[in-house]
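Everything on this sheet refers to the single structure shown next.
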Amino acid sequence: MTQVTNPIQACNDIFFRPAAVFEALKTHNNWSWIPFIIVSILAILPNYLYFSSVDPTWYTEYVSTTHADFQDLSPAEIDTIMQFQQPDTLALWGGIGGIVGLIIINAIVAVYYNLVTRSDEENVMGFTDWYGATWWMAMPIVIGSLASVLAILLTNNAGQIELQAISATSLAFIFGVGIDSHWFNFLNAIRIETFLSIYIAACAIGTWTRFTFQKSVLLAAIPTIVVYGLSLIYMVLN
């Protein structure tokens, strides 16, 4: 197997030869700064582009009269909520919240991987190693973000852009589920690139431990299964 010799090569090979990348990361853990920067920028780009491009007046009318979450609210309650959901505000705080959220979520995931791999006596990777690995696992976000940027640019009709364009790889966008559906939030959270991230995570576990590939896939998938499972239960009960 050809070795991965630099972080730029690793950013490409993580999609095609993730095991080789994690083999190289055993001795080059400082490479993880590169995907951290790439993922952080690309993750917030669709949100910023959308709210910088959408017409504020149209957006307020579109969300307040269409979104399923507002159907049971009074006009006064909707007006109060929309005061804090103006596009310029969402463009700024959505970006800040997106980066902070990624940092926190990846830290939680790193704790999980650090705990579930301790049963392998030969595993020498600690929390910081797994935290660095989570940014490589998140690299498929680049695919989703670029697809969303393209969707926003192509569907921009004089500033009238439907909200699901921000997540062009989500099931909501793919199947045309709009914000008027109670299933929108759930389907909007399920994105195609998530499954590639699970595969990359499984390769990380399989490379850094002696676990079988089947066990590695299961461990990699559990966080996603739990999140989607709880979200589905919440949707059904409400």
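Its first residue numbered 67, the sequence shown is counted upward by one per residue in the numbering used here. Heads up, the beta-carbon is just placed ideally off N, CA and C, and yes, glycines get one too.
Rounded to whole angstroms, T68 and N78 show a C-alpha spacing of 14 Å.
Between Y179 and W201, the C-beta gap is not smaller than 7 Å, which leaves the two residues out of contact. The Cβ neighbour count for T275, taken over all protein chains shown within 10 Å, is at least 16; the residue is labelled buried. In the DSSP assignment, A268 falls within the unbroken alpha helix (DSSP H) covering E259 to W274. At a cut-off of 4 residues, the continuous stretches assigned as alpha helix (DSSP H) that sit fully inside the segment 127–193 are 141–149 and 153–182.
Less than 7 Å separates the beta-carbon of A268 from that of S282. Rounded to whole angstroms, the Cβ separation of A109 and I207 is 5 Å, and the two are in contact under 8 Å.
Under a 10 Å Cβ-count criterion, G210 is classified as buried, with 16 or more other Cβ atoms of the shown protein chains found around its own Cβ. Under DSSP, the beta-bridge partners assigned to Q226 are N223. Ranked by how close their Cα comes to the Cα of T273, the residues A199, A234, S297 and T235 have A199 in first place. For S236, the pairing in a beta bridge is given by DSSP as R257. Counted as a single uninterrupted DSSP element, the alpha helix (DSSP H) harbouring K281 occupies residues F279 to L303. Per DSSP, the unbroken alpha helix (DSSP H) holding D79 starts and ends at P73 to D79. By a beta-carbon distance limit of 8 Å, S233 does not contact F241. Their separation comes to about 12 Å. Judged by pairs of C-beta atoms under 8 Å, the segment 137–150 does not touch the segment 112–122, as fewer than three such pairs exist.
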